[in-house]
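Contents: one structure, followed by commentary.
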Amino acid sequence: MSENLTSILQAGLRPSEHVKVALETRLAPDPVLDRTTDRDALQQSQVGGSRVLAVISHRYLGTEKEDGCVFILKPVPSQTLYSDEEDYTIEHIFPIVDDFSIAMAQPRRTTMDLRASSLSVAMNQPRTELSLTITPGGDAATRPIALLTTDTQGLRAVLAECRRLTASVAAVDAANRFSWVNLYHARRGPPASSPPPDLRERRKPLLSRLSGAAAGMPGDESVDIELIRDEWIRRRVHDELDAKCGETVQLRIRIGTFNVNGKMPSQDLSSWVSGHEIGRSLMGQHITRPEAESGGSPLASDTDEMRTDVSSTVSSNPRATLSASTSVTLPLDVGEDPADPDLAVFGFQELDLSTEALLYSTKTVREDAWCMAIFAGLGEKAVLYEKLVSKQLVGMLLVVIVKKRLRAQFGDIKTASVGAGIMGVMGNKGATAVRLTFTPAPSAQAPHPRPTVLTFVNSHLAAFDEMWEKRNADFHDLSKRLLFEPAPPVDSASATSEGAGYVPAAATVFESDALFWMVDLNYRINLPDADIRSLLSSALKQRDLDILQQYDQLKLAMGTGLAFEDFSEGQISHPPSYRFGTALPADKLGYDSKRKPAWTDRVLHMDASPLNVTRVAYTSHAQITMSDHRPVAAEYKICLPAVDRIRHDALVRSLWRHVDDIENSDATPKIRLSSTAVDFGKIVYKRQVAQTLILENTGKVPCTYRFVAAVPGAPIYPAWLSIDDGAGLILPGEAVAVTLTAYIDDTTAAQFNLGPSRLEDTLILHTALGKDHFILVVGEYQRTCFATDLAWLVRLPGPIRALRNAQDLLPEDDAVTAPREIMRLVNWLMSHATDVEGLFITTGEDVLVEAIREVGLVIRNAAAQYSALVRPEFGYGS
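For the sequence shown, my numbering gives the first residue as 27, with consecutive numbering after it.
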């Protein structure tokens, strides 16, 4: 065994562990595979089967006691840029105990194959190859592992070292025996690796994700250290790679949602599909709708022969959804437009409303028809695209199309579906989803680009105004049940190479870099029907739509955290997309007279760093009138840094080695604060005041810190204060700056305007596995008449900042008729601002508003006449 390999393995261990022996091996071929597989194929199956067997010992601090384990490590591509050396990931760990054994044997020598294709392999076969079978001891459930090696001398050293450690383990206390191994079990999955962490957790502040803790009650520190450490690694990777990346990759995505109300396509969909009208001629393309199998008319809507099922298709044929009856006349040379989407995703609801559609079927007539309509809507650009995947559940269909030149960059495609309709499981309501991985094309800066996981969900929730709680519940139910199952191993050889018994966990829709949810959510507007129609029937302006959105059930659910929390939608600038009358009585705008108009059809998204997702368009398409819904489409531009995966993984591993043993270190973490008191000085209403606190790690080991509450359940810091880094990690000798910001908003101003002007509180900074630090924060609040009850303002004896306490207020009988501040403003407005358009609609400039708030006013005479003086130490206007 080369000393170079030993040094590489030793570099990945703690000082308390040592590599005693390292042996190069390979996985033994499966006997069944060996008998039934062509030799060339067998040789190929052994590629990537290299393993390293290492005997690792641990000596307990201050004693001569020692135990050890056998590590099986798998070589992985170099994790260090510009290096030819391999890195190793831990695949198995076997404690060396009494019943642990390694059996050695010489396998049956096979007949040499002299065929030309394998002659070089045969001539290079080693003369002596030994097999070793590792049988785990104790209660290990892992089956024995068979390896092959040609290093007979190294194998003898392995057996001798295992015998020595078997004898020495008896001297180690049973309670402490092999406790050091837990750290290396955790290393099997490197942090910041695929699949991506849950988007909901990534968007939460780190401090809110930690365990409950208070002064003297540190909480679950092992969990907290792990969360803080992983977040520190992600931030460092972002700062050192993503933020400094000079090259970016852009991906344009168009997403559409359409409740077709059981209809077959009968109109031009170009405005919805491509974002612009192509015209009824469809650019020379003639589309014939597929006929029912009964041989009826192409326009027939008989659902007996058009049932759809739970089906999923992945297509490599660019026009796999076009039937033989489709005739296409396309230009020979079609150029791309930079505005064309690279990926288009279309979600349909109520594809089939028949009762028979709830039964199992293998027909995809309706899916084929709508896929044809999508490609027809692309016009001459259809030749540039192909269907990537589709997923159908009864009436819900999700179709993904992609530019042909980008097809190779999308892989690892998975689909899922769940029902939430009748009895909570039927597919008349529910969701379908597609998960795919986008890997940009290699470049000079990123020869091995880091992949990005994108997830798309199409759902249909419960209808009717009063069912909004059911819709909220359905969202949470779908979020839990909508899972992407891992692909099963191709064969036993691949299963062995990845580790015996290893089955990846199913991924949720939130374990993505970006999640897009296109929906007929059926959320309504909490206003009377007459009020909604009144706002819509007038000369419609954006402010009318904004008023309606204040009462939109989905916006309310998102704002209160009842459903779709942390999703983004943006401003809606189109009228409600539902419900339009077809053969029903309708109002002047075409809305059904018996149903309140509503934005039932929506497109939402959620993303996290390093992706930058920008919505560039969001609209409905009123010209498509075949359904009682109007289709809705949104366009997004995704910008991601072109980071090399090898370089990314190398940085992650390098950072991990600096901080992976925090929990097991014998040294005590130590932090020094730049100050134990922070004075904000004068704190003015709606004006931020920031102070910086420096935390320095003066110890010998990395340490994690967090702010905790004084007592369980209490706030960590007062309402008028915020902390930008409430938890973090500091390496030895390094320091971090924590910013404390004081800010008085309307809620806190109303509390403090009649209370003490001095603000004071104590913050508690806890060091994991260390001690607590106490920090005094103080400030002098400058009272203001803003956010003050009018009943108090009329009782002010003078400027509010001169008020010492509530006892100085005038008796109720001596109160003035109206607050002097409001009278002063009204008088000025009546004299100077009667001709200002939009005075009470348009928001004033922040600098001007702050100047008005702080202008000094003083009473000049008993007649309540005022003169404006610039004296900020007084102020009715303050």
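Just so it is clear, CB atoms sit at the ideal spot from N, CA and C, and this is done for glycine as well.
Residue i: first and last residue of the uninterrupted beta strand (DSSP E) it sits in
i: Leu233; result: Unbroken run through Leu233 is the alpha helix (DSSP H), Leu232 to Arg235; no beta strand (DSSP E).
i: Glu786; result: Arg784 to Thr793
i: Asp422; result: The amino acid occupying residue 422 in the given sequence is Met; Asp does not appear at that position. Met422 to Lys429 is the extent of the beta strand (DSSP E) around Met422.
i: Asp627; result: Asp627 to Asp633
i: Gln375; result: Leu369 to Gln375
i: Ser292; result: First-last for Ser292: undefined, no H or E at that position.
i: His44; result: Glu43 to Leu53
i: Ala703; result: Ala703 to Val710
i: Asp698; result: Residue 698 is actually Arg in this sequence, not Asp. That run of the beta strand (DSSP E) goes Ile697 to Leu699.
i: Ile439; result: Phe436 to Gly445
i: Val734; result: Cys729 to Val734
Continuous alpha helix (DSSP H) stretch holding residue i: start and end
i: Asn638; result: Looking at the DSSP string, Asn638 is not in any alpha helix (DSSP H); the run it does join, the beta strand (DSSP E), is Asn638 to Ser646.
i: Gly22; result: For the chain, the structure presents residues 27 to 904; residue 22 sits outside this window and is missing.
i: Ile251; result: Glu247 to Val263
i: Arg226; result: Leu225 to Arg229
i: Ile878; result: Asp872 to Glu880
i: Val299; result: Ser296 to Val299
i: Asn690; result: It is not in any alpha helix (DSSP H) - Asn690 carries neither H nor E in the DSSP assignment.
i: Asn831; result: Asn831 -> no alpha helix (DSSP H), and no H or E assigned at all.
Reference residue i, options the options, closest by Cα
i: Gly752; options: Thr481, Phe120, Gly94 and Ser234; result: Ser234
i: Gly616; options: Leu410, Leu562 and Ala736; result: Leu562
i: Leu822; options: Arg683, Val842 and His858; result: Val842
i: Ile770; options: Val762, Gly759, Ile756 and Ser748; result: Ser748
i: Tyr662; options: Glu880, Leu99, Gly301 and Pro601; result: Gly301
i: Thr810; options: Val862, Tyr86, Lys712 and Leu802; result: Lys712
i: Leu173; options: Glu50, Ile259, Arg683 and Ala37; result: Glu50
i: Thr481; options: Pro466, Ile279 and Ile34; result: Ile279
i: Ile848; options: Leu835, Asp834, Leu424 and Leu816; result: Leu816
i: Phe536; options: Val479, Pro744, Tyr86 and His600; result: Val479
i: Ala37; options: Asp872, Ile259 and Thr115; result: Thr115
i: Leu637; options: Arg169, Lys614 and Pro667; result: Pro667
Proximity below 7 Å, CB of residue i to CB of residue j
i: Gly805; j: Ile709; result: yes
i: Val96; j: Val81; result: yes
i: Gly445; j: Glu376; result: no
i: Val426; j: Ser485; result: no
i: Leu583; j: Asn498; result: For the sequence presented, residue 583 should be read as Ala rather than Leu. Closer than 7 Å, so yes.
i: Leu462; j: Phe501; result: no
i: Val957; j: Arg550; result: For the chain, the structure presents residues 27 to 904; residue 957 sits outside this window and is missing.
i: Val198; j: Lys91; result: yes
i: Ile251; j: Glu689; result: yes
i: Thr767; j: Gln714; result: yes
i: Glu406; j: Lys430; result: no
i: Leu610; j: Asp618; result: yes
i: Pro695; j: Gly585; result: no
i: Thr458; j: Met493; result: no
i: Ala533; j: Val639; result: no
i: Trp396; j: His647; result: no
i: Arg628; j: Leu547; result: yes
i: Leu432; j: Gly456; result: no
i: Pro602; j: Pro623; result: yes
i: Val415; j: Ser653; result: no
Beta-bridge partners of residue i, as assigned by DSSP
i: Cys95; result: Ile82 and Pro121
i: Pro667; result: Thr274
i: Asn484; result: Thr458 and Met544
i: Asp578; result: Ile551
i: Pro468; result: Answer by DSSP bridge pairing: none, since Pro468 is not bridged.
i: Thr534; result: Leu509
i: Glu838; result: In the DSSP output, where bridge partners are listed per residue, Glu838 has none listed.
i: Gln717; result: Leu766
i: Pro475; result: Asp670
i: Phe946; result: Not covered by the structure: residue 946. The range shown for the chain is 27 to 904.
i: Ser127; result: Thr161
i: Arg621; result: DSSP lists no partner for Arg621.
i: Glu661; result: Arg280 and Ala643
i: Ile749; result: Leu766
i: Met243; result: Ala240
Output the residue ranges of the beta strand (DSSP E) runs that lie fully inside the region 752 to 825 and measure 3 residues or longer, sorted by chain position. 753 to 756, 761 to 768, 784 to 793 and 798 to 808
My parser needs the alpha helix (DSSP H) runs of 4 or more residues fully inside the region 162 to 194; what are they? 178 to 194
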